[in-house]
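First residue of the sequence shown: 2, per my numbering; consecutive thereafter.
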Amino acid sequence: MNSLAKELNDVLEGTLVAQLLSDYGQRMYFPKGIISQSAEAKQKAHTYNATIGIATEKGDAMCIPSMLAKFTNDLSKNEIFPYAPTAGEPLLRKLWLKEMIKKNPSMAGKQTSLPVVTSGLTHAISIAASLFVEKGHSIIVPDMYWGNYNLIFTEQREAKQISFPLFAQGQLNIEGLASTIDAIEEPHVAMILNFPNNPTGYTPTQTEAHNLVSMLTEKAEQGKKLLIFTDDAYFGLFFEEDVCRESLFSLLCDAHENILAIKGDAATKEEMVWGFRIGFLTYNNKGMTEAQYEALVKKTMGAIRGSVSSCSKPAQSILMKGMESGSYHTEKEAGIQRISQRYHLIKTTLDKYKGNAYLTPLPFNSGYFMAFVCAGDAEKLRMHLLDTYGVGAISIKNTFLRLAFSSTNLEEIEDLLRIVHQAAKEVFATP
Ligand SMILES: Cc1ncc(COP(=O)(O)O)c(C=O)c1O
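What follows is the structure, given as structure tokens:
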């Protein structure tokens, strides 16, 4: 049991609650990860706060103006107040699929389920896990991953997270994933792959994506039954020419009868509507019929019905109308460009620190974040940054320090990196 859960159980000892908690209830805790580090930064990071996993500009949330416009006009009572259908608004589901195919040309002509609306991507992952991940079974998760997987896979589903290093010699570790798949002797092999990755900000290059898909298809051909969940939270934030701009899901569509690909994505970051809580689940398995997709969607609907019942109606109405507005694509692209500028400035600034003894950047080319491997305790560095410089960053596994350029203004980036390197020297240099 997680030590934080034990602490909570100790506090509750002797109460009726302690006697009544289920196994899951006893295992539950609130992690001291990103959320609690961000809360600390909110109080103390008066200089720069590079913890936040949203996109901000001068302290305000960024947004696509067409979405904001829908708050002030255009919505009827019936677009705001009633329940939304369990699987989501039919028009939004069709629109999301249409956009998905536009963004992922490899999907053209391939059959998938219609996307099902969930209450954010966290809910999508949780729903998919409840449908497909069995107690005691394994799920492969790269060593650099979003910490919330722990609550979903380990605590909620009681599955075993099997880790492999995401990188080998500065490149995507396809071999490592292949041997991890080989080592699992269960009826099927489940994995979750998240690109652009949180916390590293890495997306496979086109060559790596091609090789990854070939490897997975080869395993399927050898008889492995693969459940591949793609967490596409940061889809579309690609900043280098050689980056694969399609979701791994689209490359896996119809790749093999032994591959069930599940795309988890969300309006959350793609449409800059973090608080709307709109995510989607889309399925593909080569050879599945329309009726079979519909049956799987019904099961998904059952899981939604039994958890949140249905998702936010006004959020879906605004999203749909915003996406249909004539200027939506241009406005969205403008937002991506502004984040891209920050990315490029981080890259050029980091060139000046090449070979730094205390901080080594992990490969990054996309998304919201970049992460350093620290030459000492990353948590110590995080606290020093916060207490001495008023700078908020996220420490991971006491080894990595994550910076969110999504929430750092362009003109702050050089100074942020200067402070982080200065602080690292102060904490890690031996006297
Ligand atoms: C990798 C990853 N997946 C999923 C999510 C969850 O997204 P949502 O806010 O839509 O639940 C996040 C959010 O930070 C994330 O970083």
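Here a beta-carbon is modelled for each residue, glycine too, at the ideal position from N, C-alpha and C.
- Beta bridge pairing from DSSP links I163 with I141.
- For Y25, the enclosing alpha helix (DSSP H) starts and ends at 24-28.
- Pairing R94 with A292, the inter-Cα distance amounts to about 17 Å.
- No Cβ-Cβ contact shorter than 8 Å links A62 with S407.
- Looking only at A51, E159, F168, N199, the smallest Cα-Cα distance to G368 is reached by N199.
- I260 is bridged by DSSP to L227.
- In the structure shown, V134 adopts coil according to DSSP, grouped into three states.
- Distance from the C-beta of G303 to the nearest heavy atom of ligand 1 is not below 7 Å.
- Assignment of V309 by DSSP, reduced to helix, strand and coil, places it in the coil class.
- In this structure, DSSP gives G265 an extended state, which the three-state scheme calls strand.
- In the displayed model, P66 falls within a helix according to three-state DSSP.
- A distance below 8 Å between beta-carbons, with the five flanking residues on each side excluded, links T48 to the following residues of its chain, in chain order: Y390, G391, V392, I420.
- Taking C-alpha positions only, A125 is separated from E427 by approximately 42 Å.
- 8 Å or more divides the Cβ of S77 from the Cβ of C312.
- Between the alpha carbons of V274 and A85 lies a distance of about 18 Å.
- Following the DSSP letters along the chain, one finds T283 inside the beta strand (DSSP E) bounded by residues 280-286.
- Here K225 has I182, H189, V190, N259 as same chain residues with Cβ atoms under 8 Å from its own Cβ, once five neighbours each way along the sequence are excluded.
- With a cutoff of 8 Å on beta-carbon distance, I81 and K314 are scored as near each other.
- Across the structure, F401 and I395 are spaced so that their CA atoms are roughly 8 Å apart.
- Taking every protein chain shown into account, the CB of R383 has 16 or more other CB atoms within 10 angstroms, so this residue is buried.
- Look at N286: its beta carbon is at least 7 Å from all of the heavy atoms in ligand 1.
- A straight-line Cα-Cα distance of about 38 Å links K7 and A358.
- In this structure, L122 has its beta carbon less than 7 Å from a heavy atom of ligand 1.
- Cβ neighbours of N286 within its own chain (closer than 6 Å, five residues either side excluded): L261.
- Distance between K355 and Q172, taken at the CA atoms: about 18 Å.
- Linking M192 to F277 through their CA atoms gives a straight-line distance of about 27 Å.
- Rounded to whole angstroms, the Cβ separation of I175 and L213 is 5 Å, and the two are in contact under 8 Å.
- Here DSSP, grouped into helix, strand and coil, assigns L5 to helix.
- A184 counts as exposed, since fewer than 16 other beta carbons sit within 10 angstroms of its beta carbon.
- Judged by the Cβ position, T269 qualifies as a neighbour of ligand 1 at the 7 Å threshold, a heavy atom of the ligand being closer than this.
- Going by beta carbons, C245 and T204 fall inside the 8 Å limit.
- Taking the Cα positions, I53 is about 11 Å away from S37.
- Exclusion of the five residues before and after G288 leaves E258 as the residues of its chain whose Cβ lies within less than 6 Å of its Cβ.
- Within 10 angstroms of the beta-carbon of E413 lie 16 or more other beta-carbons, which makes it buried.
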